[in-house]
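Undergrad: Before we start, here is the structure in question, set down as structure tokens.
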Amino acid sequence: MRRLLALSLLLAAARAADAAPALYRILPGAESNLVSFVSKAPLETVEGKTRQVSGEVTVDPADLAAGCRVEVRVDLAS
Numbered sequence: 001m002r003r004l005l006a007l008s009l010l011l012a013a014a015r016a017a018d019a020a021p022a023l024y025r026i027l028p029g030a031e032s033n034l035v036s037f038v039s040k041a042p043l044e045t046v047e048g049k050t051r052q053v054s055g056e057v058t059v060d061p062a063d064l065a066a067g068c069r070v071e072v073r074v075d076l077a078s
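Taking the numbering used here, the leading residue of the sequence shown gets 1, the next gets one more, and so forth.
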């Protein structure tokens with residue numbers, strides 16, 4: 001029983017080490033995409049929002065301590 005458990009743990013650890021970073025895409029035009037901002041200056045306040053957003057999120061499940069990479073692109077003309 002102990003050998004089976006040890007073998008299972010060893011295989012699980014080896015599999016996690018071989019895992020490639022996961023890539024998640026932020027699809028442009030998706031209804032759930034929304035970027036908004038508020039810029040307050042002494043004489044004016046400017047507010048904006050757009051759904052013209054795209055990008056990627058990359059996470060390495062084998063090395064969560066390393067963090068993740070997030071890239072978001074916003075069409076400023078929208």
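Glycine included, each C-beta is placed from N, C-alpha and C at the ideal position.
Please name the residue, chosen from Glu71, Asp60, Leu43 and Thr50, that lies closest to Ala77 on a Cα-to-Cα basis.
TA: Position 77 of the sequence shown holds residue 77. Cα-wise, what sits closest to Ala77 is Thr50.
Undergrad: Determine the burial state of Val38: buried for a count of at least 16 other Cβ atoms within 10 Å of its Cβ, exposed for fewer.
TA: As a working note, residue 38 is residue 38 in the sequence shown. Its Cβ having fewer than 16 others within 10 Å, Val38 is exposed.
Undergrad: Would you give the residue range spanned by the beta strand (DSSP E) that Ser39 belongs to?
TA: Along the sequence shown, read from residue 1 onward, the residue named residue 39 stands at position 39. First-last of the beta strand (DSSP E) with Ser39: Val35 to Lys40.
Undergrad: From the DSSP output, in three-state form, read off Leu43 for me.
TA: The residue given as residue 43 occupies position 43 in the sequence shown. Reduced to three states, the DSSP call for Leu43 is coil.
Undergrad: From Gln52 to Pro21, what distance separates their C-alpha atoms?
TA: As a working note, residue 52 is residue 52 in the sequence shown. As a working note, residue 21 is residue 21 in the sequence shown. Looking at the two C-alpha atoms, the distance is approximately 26 Å.
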